[in-house]
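According to UniProt numbering, the sequence shown is numbered sequentially starting from 1.
Even glycine gets a Cβ: it sits at the ideal position worked out from N, Cα and C.
Heads up: the structure comes next, in structure tokens.
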Amino acid sequence: MLGVIIYHLLPYNLQGGYLGVPIFFVVSGYLITDLLLQEYEQNGRIDILGFYERRMKRLYPALVTMVLATAAYITLFERSLFVNLKSIIWTNMLYVYNWWEIGHGSSYFDRFNGESPFTHLWSLSIEGQYYAFWPVILVLLLMIFKQRKTFFYLLFGLAAASAAWMAFLFKSVDDTNRVYYGTDTRMFAILLGVGLAFAWPATKLRSDIEDGPRRMLNGVGLVSLLAVVIMFFTMSGQSTFTYHGGMFLFTVVSTVLVATVAHPAGIMNKIFSNPVFDWVGKRSYGIYLYQFPVMIFFEAKVTNAADHPVLYPLIEAAIILLISDLSYRYLERPLRRYHYSELPGAIRDAFSRNSRFGWKRLVAIPAVLVIVIALYGAATAPNKLPAQATALQNHIEKNQKQADKQNAQALKKQKAAEKRLKQEKDQKDAVKKAKLTRRERFVMRSYGLTKAQVVLARDTPVTAIGDSVMVDVSTDLQQVFPNAYVSAQVGRQIWQAPDVIKQLIAKGALANTVLINLGTNSPMTNQQINDVMKLIGKKRQVFWINTHVPTRNWESQVNATINRAAKRYKNLTVVDWHGLSQNSPSWFYGDHVHPNPTGNKQFAKLVAQAVLKAD
Numbered sequence: 001m002l003g004v005i006i007y008h009l010l011p012y013n014l015q016g017g018y019l020g021v022p023i024f025f026v027v028s029g030y031l032i033t034d035l036l037l038q039e040y041e042q043n044g045r046i047d048i049l050g051f052y053e054r055r056m057k058r059l060y061p062a063l064v065t066m067v068l069a070t071a072a073y074i075t076l077f078e079r080s081l082f083v084n085l086k087s088i089i090w091t092n093m094l095y096v097y098n099w100w101e102i103g104h105g106s107s108y109f110d111r112f113n114g115e116s117p118f119t120h121l122w123s124l125s126i127e128g129q130y131y132a133f134w135p136v137i138l139v140l141l142l143m144i145f146k147q148r149k150t151f152f153y154l155l156f157g158l159a160a161a162s163a164a165w166m167a168f169l170f171k172s173v174d175d176t177n178r179v180y181y182g183t184d185t186r187m188f189a190i191l192l193g194v195g196l197a198f199a200w201p202a203t204k205l206r207s208d209i210e211d212g213p214r215r216m217l218n219g220v221g222l223v224s225l226l227a228v229v230i231m232f233f234t235m236s237g238q239s240t241f242t243y244h245g246g247m248f249l250f251t252v253v254s255t256v257l258v259a260t261v262a263h264p265a266g267i268m269n270k271i272f273s274n275p276v277f278d279w280v281g282k283r284s285y286g287i288y289l290y291q292f293p294v295m296i297f298f299e300a301k302v303t304n305a306a307d308h309p310v311l312y313p314l315i316e317a318a319i320i321l322l323i324s325d326l327s328y329r330y331l332e333r334p335l336r337r338y339h340y341s342e343l344p345g346a347i348r349d350a351f352s353r354n355s356r357f358g359w360k361r362l363v364a365i366p367a368v369l370v371i372v373i374a375l376y377g378a379a380t381a382p383n384k385l386p387a388q389a390t391a392l393q394n395h396i397e398k399n400q401k402q403a404d405k406q407n408a409q410a411l412k413k414q415k416a417a418e419k420r421l422k423q424e425k426d427q428k429d430a431v432k433k434a435k436l437t438r439r440e441r442f443v444m445r446s447y448g449l450t451k452a453q454v455v456l457a458r459d460t461p462v463t464a465i466g467d468s469v470m471v472d473v474s475t476d477l478q479q480v481f482p483n484a485y486v487s488a489q490v491g492r493q494i495w496q497a498p499d500v501i502k503q504l505i506a507k508g509a510l511a512n513t514v515l516i517n518l519g520t521n522s523p524m525t526n527q528q529i530n531d532v533m534k535l536i537g538k539k540r541q542v543f544w545i546n547t548h549v550p551t552r553n554w555e556s557q558v559n560a561t562i563n564r565a566a567k568r569y570k571n572l573t574v575v576d577w578h579g580l581s582q583n584s585p586s587w588f589y590g591d592h593v594h595p596n597p598t599g600n601k602q603f604a605k606l607v608a609q610a611v612l613k614a615d
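In structure tokens, the structure reads:
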């Protein structure tokens, strides 16, 4: 659980933190099945309805509170997240949100575009489906099979089949939604935990074992813990290996770790049995529930997250822990023992005039207001974005179409421009003789360039690779560099760049001058830049425009990584857009990231000066 929280707060520090969810699934599969088997052995039957009641009392109050409170907040203060609110509410209430998310949600790994405070609830839907169906299936299996060994092999086989199905359905790291959110492709973690309950029942584990088995238990536990930690730091959720067996391998190792932690004779049991982990464990459900609303609403109100990459995550973590603790003390724990047959009477008391029930009224009135606001929001929320898009959205969509249209012409012009550049041995003489067209005189005035710069830009073939910021500025870049080929896409991240570069090389569209503007949507690593530079090669000049994304805490990390790369590669020049723009908020749209028309001109001018100076 802590790994998941750290990953969501600081994704570049723990890129495999999302793997905390498979561990959570394993633990859930093990504990729930172990308890059901104990009940079966003691009573000769499993009280399925009693199980459902206990699970509902344990999970539903906090889930309903979080979903409705978040929906009410969105309705009042965050209308940008208003779309599909009704569907989000009812799919979460029915524990089918993960299937809805496959077709409607953004990627789990997209930390910038359309991030939702409900995204993380996909895993709770899978848990809910497990709780709904597994007790019934278990009773049927216990009637059919008598040998525990048979159960273990059957469950491990089904887990392997689920992992194989994930590998089969996986198509590309560009679209992981189906395999990441699907119950069928993620069930292997729960099944491994269930299988462990048959092979490693808690009632059979003794603390008084001999030294040899104890040493073996401790050795296996420490090795599995080390392997889990290594994979937490190295296994990216945007790697093909992860979906082609990597996540399954991690889950198998995690199952071994869970087994060693569960054994009372092992050192792992002692390591994980401490007051801190006990406190976190009791509140882990609330911590998981409330993390995304806190992070997203906090970051929506704070526009200088990049200036405080440590302080703000600590504040967010403190808020999450505080809310989770209050939820555990005053909501989750009391309602586990609550008899809901008393609810109608409690409602009458809350709205009676009897002063004895004043405290109930203090609770009931805000609760009713939250419910009413949330339901109003659900009833009025649109199912798709309104036709009247924002100025930024319109601008980006228009530029995307225009860039795509101009790219075809740019490819033809680039070859002719390269020939002219080779023929013009004396560039100074060529500049003197050159006559500017009306358009070029306009470019010179609008972008503050010299005649020499405009003439050189005319015949400089350029390939620009980037995300939505590059789409935003593409029209201005193609004004300055008429032969520029722009390959930019909303939401693009650094890990997608190698495939983009391969495609550009294949179609002959990778010029000798390459502009790169990536880092808006996610952090990046040294190796990711190395992969990009290796594909581009040493003969091309690369101009990497650093990042201005003050609303995200990875801005400094991205820019530091780019600066380090410039020291490793002689053909890489850093274009300091961050330094130029950081004190000019008037250059940006309301998101503080995408340049407005004024900012676009400054961006294009800066790039032109860097490229033409190098020439």
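When 500, 332, 589 and 469 are compared, the shortest CA-CA separation from residue 532 is found for 500. DSSP places residue 70 in the uninterrupted alpha helix (DSSP H) bounded by 48 to 77. In the DSSP assignment, residue 557 falls within the unbroken alpha helix (DSSP H) covering 555 to 568. Within the model, the alpha-carbon separation for residue 524 versus residue 256 is close to 32 Å. Following the DSSP letters along the chain, one finds residue 463 in no alpha helix (DSSP H) but inside the beta strand (DSSP E) bounded by residues 462 to 466.
In chain order, 531, 532 and 535 place their CB closer than 7 Å to the CB of residue 498, counting only its own chain and leaving out the 5 sequence neighbours on each side. Going by C-alpha positions, residue 44 is about 28 Å away from residue 189. In the three-state DSSP reduction, residue 541 falls in the strand class (E or B).
Only exposed fits residue 145, as fewer than 16 other CB atoms lie within 10 angstroms of its CB. As the crow flies, the alpha-carbon of residue 592 is around 22 Å from that of residue 515. Per DSSP, residue 269 is not a residue of any beta strand (DSSP E); the alpha helix (DSSP H) it occupies stretches across 267 to 272.
Around the beta-carbon of residue 42, fewer than 16 other beta-carbon atoms lie within 10 Å, marking it exposed.
Rounded to the nearest whole angstrom, the C-alpha separation of residue 276 and residue 313 is 20 Å. Taking the Cα positions, residue 453 is about 51 Å away from residue 169.
Under the three-state reduction of DSSP output, residue 365 falls in the helix class.
Taken in chain order, the complete alpha helix (DSSP H) segments of 4 residues or longer contained in the region 300 to 336 are 311 to 327 and 333 to 336. Out of 394, 444, 556 and 219, the CA that lies nearest to the CA of residue 490 is found in 394. The three-state secondary structure of residue 513, taken from DSSP, is strand. 86 is the residue among 237, 549, 47 and 86 whose C-alpha sits nearest the C-alpha of residue 374. Counting only runs that start and end inside the region 158 to 195, the alpha helix (DSSP H) elements of at least 4 residues fall at 177 to 181. Spanning the alpha carbons of residue 245 and residue 607 requires a straight line of approximately 43 Å. With respect to the C-alpha of residue 138, the residue from 72, 47, 79 and 553 having the closest C-alpha is 47. One alpha carbon belongs to residue 575, the other to residue 545, and they sit about 5 Å apart.
Around residue 558, the same chain offers 519, 523, 524, 546, 547 and 549 as residues with beta carbons nearer than 8 Å, after the five sequence neighbours per side are excluded.
Each residue's CA atom was taken as its position, placing residue 231 and residue 222 some 14 Å apart.
A straight-line Cα-Cα distance of about 9 Å links residue 132 and residue 55. Beta-carbon to beta-carbon, residue 262 and residue 205 are separated by about 7 Å, close enough to satisfy the 8 Å threshold.
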